[in-house]
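Trainee: In the order they appear, the protein sequences are chains R and D.
Under our numbering, the first residue of the first sequence carries the number 1106, and numbering increases by one thereafter.
Under our numbering, the first residue of the second sequence carries the number 277, and numbering increases by one thereafter.
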Amino acid sequence: MPILVNDRPVFVPDDARVSLLDLLRDRLELFGTKKGCNQGACGACTVLLDGERVLSCLTLAAQCEGRAVVTVEGLAADGALHPLQQAFIDHDGFQCGYCTPGQICSAIGMAAEAARGMPSVVTADLEATDILLDRDELRERMSGNLCRCGAHNGIIDAIGEVFRGPESAGGAPR
Amino acid sequence: MNPVSYVRAADAGAAVAMGAAAGTRYLGGGTNLVDLMRENVEAPSSLVDVCGLSAAIEDTPEGGLLIGGAARNSALAGHPAVRARFPLLSRAILAGASGQIRNMATVGGNILQRTRCTYFYDDAARCNKRAPGAGCDAIDGFNRIHAILGASSACVATHPSDMCVALAALDAEVMLSGPEGERRLPFEAVHRLPDGQPDRDTTLLPGELITAVRLPPLAAARRSAYRKVRDRASYAFALVSLAAAVELDAAGRLAEVRLALGGVAHKPWRARAAEAVLRGQVPDEIRLKEAAAAELAQASPLRDNGFKLVMVERLIVAVLSDLVAGNAGAAA
Ligand SMILES: Cc1cc2nc3c(=O)[nH]c(=O)nc-3n(C[C@H](O)[C@H](O)[C@H](O)COP(=O)(O)OP(=O)(O)OC[C@H]3O[C@@H](n4cnc5c(N)ncnc54)[C@H](O)[C@@H]3O)c2cc1C
Ligand code: FES
Ligand code: FES
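Put into C-alpha cells, the structure is as follows:
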C-alpha cells in the first residue's frame, strides 16, 4: 500500500531507515518541511499524519504505509493561502521563515486537539471540554516548535487570530 | 545508522514470535529508538512495529483501567476517565515532551525509553550503560541532571519519564507477553537500580512485550497532582518532579498518601519512606519536612546536583500543602 502525501500516492522506500522527513525532502522534493535538528527537539519537521501533528524526523517512512500525510505544500487550496498562512504574513509570524512550515502544520494539529477537548498542562480544569485558547494555552501547546528568530509573539498572534477570533491578537509586548 | 528491516506485527502473538530473535526490537512511536539508532547508541537489525496492537483504554470490573501498550501518550492523557479519576497521570503526561511527540509516543515505549544522560548519548564518551565495562564519564563530569538516590559507582543516570512517575505512585501493574509466556509485574519491579549492571534498565526478559498497563482503583487519585521543575517552562525534561495523591480523614489526617519522585534515580522513585512518615498524620510543614528528610536520608549528591535535595523538600512541602488546601495544582 502506498503513502498518501498531499493526496498523491507515493511508494514506501525499500530502505527502512528512511525517515518520513527524508522521504519528503530528498525523494519527493517537497522542501517545505524543514530539517532543524533531526532529533525531535525543534519541531521544524512537523507534518500532519492522519490529521495529527507529528515529527517527520523521528517517523520512519515505513510507519506511514497506508496513511495520509499533509505537509505545508498541501494546505493552500487552488493557490489560495490557508487562512493561517495569511495570518502569519499579517502578524509578522516569521523572520527567516525556517520554522514556519512546522509552526503552521503544528498549529493546525493543535487547534484540532483543542477543539476535541484535549487539555494541556496549563489547563486549570482538567475535565473542562471547552478549551479557551488564550495566550498561555497557545504558548504551552506550541512549545514543541522553536523559532530561532524569536518571532514567537507574532506566531501566537497569528494562531490566536485564526483559531480564537481577532480579539485575541495583540496585547503582548513586541 | 545500520541497515534495519521493518515489519508490522498483526497481533501480540505474532510480535512475540518475531521479537525473541537476536537484534530485534519492538518499535512504538520511534521517538526514542529512532533517535538512538541515528546516534549509533542502538543498532537493531530488525524492527517489529507494535503500534497496531491494543491501544484500548477500558474500565476494569474493580473500577480501575486497563491501558493497551500501544495507546498513544496523548490519547491516555486526554481520556475522560483518566482526567476524572487519575488526574496526576494526565498531568504527568501533559508535562512531558511536546504535543507532536505525545501524539507519536506509546505507553510501552514511554515506559522503556532510555536515559537522557548526555554521556550515554555521546558515543565518544565512556558509559557503562552503553558499553558495559567502559567506565562512567558522568560520575566526575557535568552531572547536574544525574541521580541523587540509588545510584552506583558504575552509573548515575536517571530515568527520564514523567508518565512513569505517576504510574509508580498509582501502584500500576505491567502486563507482559514473551517467549516464556505471559506475566504481570508490579510497576516498581519493572525498572531496576543500576548496581553493577547499568546496561540493564529493566527486569524485562529478552523479547518481552508490554501488552498493557493495569491501574487499580484508587480513591486518593482524585485528589492528586504532578509538579515538574525544569530549566524552562515547557518542552524540557524534569530536573526533579513529584507525583502525589492524598486522601484526608475527618480530622485532617492523611488516611492515604502516595508519593513518587522523578529525575532523582535510575528508576521512577516511589517515596515510601516519606509516605510512612506522613500516613495517619496531619501534614503540617514540620511533618512534611520530616517526610522529605526521611526520603533523602540515603541520598548522595554528586558535584553538581546537590540542589536536587532542596528541590525534593520544597516540592513535597508545596505540592502536599496545595493538595490538602484543595488546590489540585495545574502548575507543572
Ligand atoms: C525532544 C524530546 C523531548 C522529550 N521530553 C520528554 C519529557 O519531558 N518527559 C518525558 O517523559 N519524555 C520526554 N521525551 C521522551 C518521550 O516521552 C519518549 O521518547 C516516548 O515516550 C517513547 O515512546 P515511543 O513509543 O516513541 O517509543 P520508541 O522510541 O518506539 O521505543 C522506546 C523503547 O521501548 C521499546 N518498546 C516500545 N514499545 C514496546 C512494547 N510495547 N513492549 C516492549 N518494548 C517496547 C523499544 O524497543 C525501545 O527500546 C522526549 C523526547 C524527545 C525526543
Ligand atoms: S527536525 Fe524534527 S524536531 Fe527538529
Ligand atoms: S522565523 Fe526564523 S526560525 Fe522562526
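The beta-carbon is built from N, C-alpha and C at its ideal position, and this holds for glycine as well.
#1: Pull out every residue of the region 1238 to 1271 of chain R whose Cβ sits closer than 7 Å to any Cβ of chain D, in chain order.
#2: In three-state terms, what does DSSP make of residue 578 of chain D?
#3: Who are the neighbours of residue 241 of chain D on chain R, taking C-beta pairs under 8 Å?
#4: Does ligand 2 have even one heavy atom less than 7 Å from the beta-carbon of residue 1148 of chain R?
#5: In terms of residue numbering, what span does the alpha helix (DSSP H) encompassing residue 445 of chain D cover?
#6: Please give me, in chain order, every unbroken run of the beta strand (DSSP E) with length at least 3 that falls completely inside the region 410 to 479 of chain D.
#7: Do the region 341 to 355 of chain D and the region 474 to 490 of chain D make contact, defined as three or more Cβ pairs closer than 8 Å?
#8: Return yes when the Cβ of residue 315 of chain D is within less than 8 Å of the Cβ of residue 438 of chain D, no when it is not.
#9: Taking 8 Å as the CB-CB limit, is residue 1143 of chain R close to chain D?
#10: Measure the CB-CB distance between residue 616 of chain D and residue 533 of chain D and report whether it falls below 8 Å.
#11: Can you list the residues of chain R that residue 377 of chain D reaches, using a CB-CB cut of under 9 Å?
#12: Can you tell me where the alpha helix (DSSP H) holding residue 1188 of chain R begins and where it ends?
#13: In three-state terms, what does DSSP make of residue 1214 of chain R?
#14: Any C-beta of chain D within less than 8 Å: which residues of the region 1122 to 1133 of chain R qualify?
#15: Report whether the distance from the Cβ of residue 1121 of chain R to the nearest heavy atom of ligand 1 is below 7 Å.
#16: CA-CA distance, residue 1126 of chain R and residue 593 of chain D?
#17: Beta carbon of residue 501 of chain D, beta carbon of residue 367 of chain D: below 8 Å?
#18: Between which two residues does the beta strand (DSSP E) harbouring residue 338 of chain D extend?
#19: Flag residue 1213 of chain R as yes when its Cβ comes closer than 7 Å to any non-hydrogen atom of ligand 1, and as no otherwise.
#20: Using a Cβ cut-off of 8 Å (strictly closer), state whether residue 1151 of chain R contacts chain D.
#21: Below 8 Å between beta carbons: does that hold for residue 300 of chain D and residue 320 of chain D?
#22: When we look at the beta-carbon of residue 457 of chain D and count the other beta-carbons within 10 Å, is it buried (16 or more) or exposed?
#23: Could you check the C-alpha separation between residue 1243 of chain R and residue 1265 of chain R for me, to the nearest Å?
#24: Sort out for me which residues DSSP pairs residue 1108 of chain R with in a bridge.
Mentor: On the basis of the data shown:
#1: 1245, 1246, 1248 and 1249
#2: Reading the second sequence from its first residue, position 302 is the one you call residue 578 of chain D. Note: residue 578 of chain D maps to coil in three-state DSSP.
#3: No answer is possible for residue 241 of chain D: it lies beyond the span of chain D, which begins at 277 and ends at 608.
#4: As a first step, residue 1148 of chain R is located in the first sequence; it is residue number 43 there, counting from the start. Because some heavy atom of ligand 2 lies under 7 Å away, the Cβ of residue 1148 of chain R counts as near it: yes.
#5: What you label residue 445 of chain D is simply residue 169 of the second sequence in a count that begins at 1. Residues 439 to 445.
#6: 449 to 454 and 457 to 462
#7: yes
#8: Along the second sequence, one-based indexing puts residue 438 of chain D at 162. Along the second sequence, one-based indexing puts residue 315 of chain D at 39. Contact flag unset, no.
#9: In the first sequence, residue 1143 of chain R corresponds to position 38, counting from 1. Yes, contact with chain D.
#10: Outside the displayed range of chain D (277 to 608) lies residue 616 of chain D, so it cannot be described from this structure.
#11: Translated into the one-based positions of the second sequence, residue 377 of chain D becomes position 101. Per Cβ cutoff of 9 Å: 1145, 1159, 1160, 1163 and 1249.
#12: Position 83 of the first sequence, counted from the start, is the residue given in the question as residue 1188 of chain R. Residue 1188 of chain R -> alpha helix (DSSP H) spans 1188 to 1195.
#13: Within the first sequence, numbered from 1, the residue matching residue 1214 of chain R stands at position 109. Correct three-state label for residue 1214 of chain R: helix.
#14: 1122 and 1124
#15: By 1-based counting over the first sequence, the position of residue 1121 of chain R is 16. For ligand 1, not one heavy atom lies less than 7 Å from the Cβ of residue 1121 of chain R.
#16: Taking the first sequence and counting its residues from 1, the one referred to as residue 1126 of chain R is at position 21. Taking the second sequence and counting its residues from 1, the one referred to as residue 593 of chain D is at position 317. Straight-line Cα distance between these residues: approximately 45 Å.
#17: Here residue 501 of chain D refers to the residue found at position 225 when the second sequence is read from its first residue. Here residue 367 of chain D refers to the residue found at position 91 when the second sequence is read from its first residue. Their beta carbons are under 8 Å apart, which means residue 501 of chain D touches residue 367 of chain D by this criterion.
#18: Here the question's residue 338 of chain D lines up with position 62 in the second sequence. Per DSSP, residue 338 of chain D belongs to no beta strand (DSSP E) and is neither H nor E.
#19: By one-based count along the first sequence, residue 1213 of chain R stands at place 108. Because no heavy atom of ligand 1 lies under 7 Å away, the Cβ of residue 1213 of chain R does not count as near it: no.
#20: Taking the first residue of the first sequence as position 1, residue 1151 of chain R is located at position 46. Output row for residue 1151 of chain R: interface = yes.
#21: Locating residue 300 of chain D in the second sequence gives position 24, where the first residue counts as 1. Locating residue 320 of chain D in the second sequence gives position 44, where the first residue counts as 1. In this structure, residue 320 of chain D lies closer than 8 Å to residue 300 of chain D by Cβ.
#22: Against the second sequence, residue 457 of chain D aligns to sequence position 181. Burial call: exposed.
#23: For the purposes of this step, residue 1243 of chain R is identified with residue 138 of the first sequence, where counting begins at 1. For the purposes of this step, residue 1265 of chain R is identified with residue 160 of the first sequence, where counting begins at 1. Straight-line Cα distance between these residues: approximately 8 Å.
#24: For the purposes of this step, residue 1108 of chain R is taken as residue 3 along the first sequence, with counting starting at 1. In DSSP, residue 1108 of chain R forms a bridge with R:1115.
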